[in-house]
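Shown next, in structure tokens, is the structure this report addresses.
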Amino acid sequence: MFWPNDKGGFYGFRYKECEFAHFHQSDELDLKLGKNTIAKLGLVRPVRSLVHPKRSAGSAWIELAFSDSQDLEKIKDLVKLAIS
């Protein structure tokens, strides 16, 4: 489900009543993937995050920037993993 939320105009996604992702701007998705999965996949958190500069290294969330169709394909696979 896609819905507008009250976090400054961001848009988010819910699955089984739980938010699993939201946009920060038109080129970044914040995805709740789980800290173990983030570590297992070797995903790197942004060094200079504008939205979550103090996010814990052990957070279940990760910001994923995208700029082309290859980035979106990777994110699509991660979203599928997040809701599986």
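According to this note's numbering, the sequence shown is numbered sequentially starting from 3. All C-beta atoms, glycine included, are put in the ideal place defined by N, C-alpha and C. Just so you know, these numbers come straight off a predicted model, no measurement behind them.
Query - Own chain residues within Cβ distance below 6 Å of L52, not counting five before or after - result: For L52, where only same-chain residues beyond five positions count, there are no Cβ hits under 6 Å.
Requested in this report: Please go through the same chain and pick out, in chain order, the residues whose beta-carbon is closer than 8 Å to the beta-carbon of W63, but skip the five residues on each side of it.
Outcome: Around W63: D32, L33, K34, L35, H54, R57.
Requested in this report: Identify, in the order they occur along the chain, each residue of the same chain with its Cβ nearer than 8 Å to the Cβ of A23, setting aside the five sequence neighbours on each side.
Outcome: Once the five neighbours on either side are set aside, the close Cβ partners of A23 are G14, F15, L31, D32, L33, K34, V81, A84.
**Report entry** Cutoff 8 Å; reference G60; Cβ partners in own chain excluding five residues on either side
**Finding:** Same-chain partners within the cutoff: K37.
Query raised in the report: Can you tell me whether L43 is buried or exposed, with buried defined as 16 or more other CB within 10 angstroms of its CB?
Result: Looking at its Cβ environment, which holds fewer than 16 other Cβ atoms inside 10 Å, L43 is exposed.
Query raised in the report: Where A67 and H26 are concerned, what is the direct C-alpha to C-alpha distance, given to the nearest angstrom?
Result: Answer to the nearest angstrom: the Cα atoms are 10 Å apart.
Query raised in the report: Looking at R50 and I87, is the spacing between their C-beta atoms short of 9 Å?
Result: As shown, the chain starts at 3 and ends at 86. That puts residue 87 outside it, with no answer to give.
Query raised in the report: Where do the ends of the alpha helix (DSSP H) carrying L31 lie?
Result: No alpha helix (DSSP H) holds L31; the beta strand (DSSP E) holding it covers 30-34.
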